[in-house]
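Read in my numbering, the sequence shown has 52 at position 7, and its numbers run on one by one without any break.
Just so it is clear, CB atoms sit at the ideal spot from N, CA and C, and this is done for glycine as well.
Treat the numbers as computed from the prediction; the structure is a model and nothing was measured.
Quick notes on the structure that follows.
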Amino acid sequence: MIAQFLPIMPVMCVAITVSASIAVILGKPLLTAILLILLLPIELAPVILVSAYLAACLTKVSYSFRQKNN
Numbered sequence: 046m047i048a049q050f051l052p053i054m055p056v057m058c059v060a061i062t063v064s065a066s067i068a069v070i071l072g073k074p075l076l077t078a079i080l081l082i083l084l085l086p087i088e089l090a091p092v093i094l095v096s097a098y099l100a101a102c103l104t105k106v107s108y109s110f111r112q113k114n115n
């Protein structure tokens with residue numbers, strides 16, 4: 046759905062969105078990246094790795110920030 050709004054490289058937009066969302070849901074960015082690299086084209090491997098780790102790190106930071114404020 047996000048790829049509809051970004052006309053530049055919709056395959057990359059989908060790869061970023063899928064890898065980030067699955068990494069957040071599972072909480073395991075390395076496993077997510079390996080599984081998605083097997084499913085998506087190999088050219089997207091660096092994008093998948095970076096987006097999965099970035100999403101996992103941002104989730105951890107936001108969770109710890111919410112715990113501090115409570």
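Is residue i helix, strand or coil by DSSP?
i, result
"L94", "helix"
"M54", "coil"
"L85", "coil"
"K73", "coil"
Quick check on residue i: buried or exposed, where buried means 16 or more other Cβ atoms within 10 Å of its Cβ?
i, result
"P74", "buried"
"I67", "buried"
"I87", "exposed"
"S109", "exposed"
Rounded to the nearest angstrom, how far is the Cβ of residue i from that of residue j, given a contact under 8 Å?
i, j, result
"L81", "I93", "5 Å"
If we ignore side chains and look at the alpha-carbon of each, how far apart do residue i and residue j end up?
i, j, result
"V106", "L83", "28 Å"
"V153", "Y98", "What the structure shows of the chain is the stretch from 46 to 115, and residue 153 is not part of that stretch, so it cannot be assessed."
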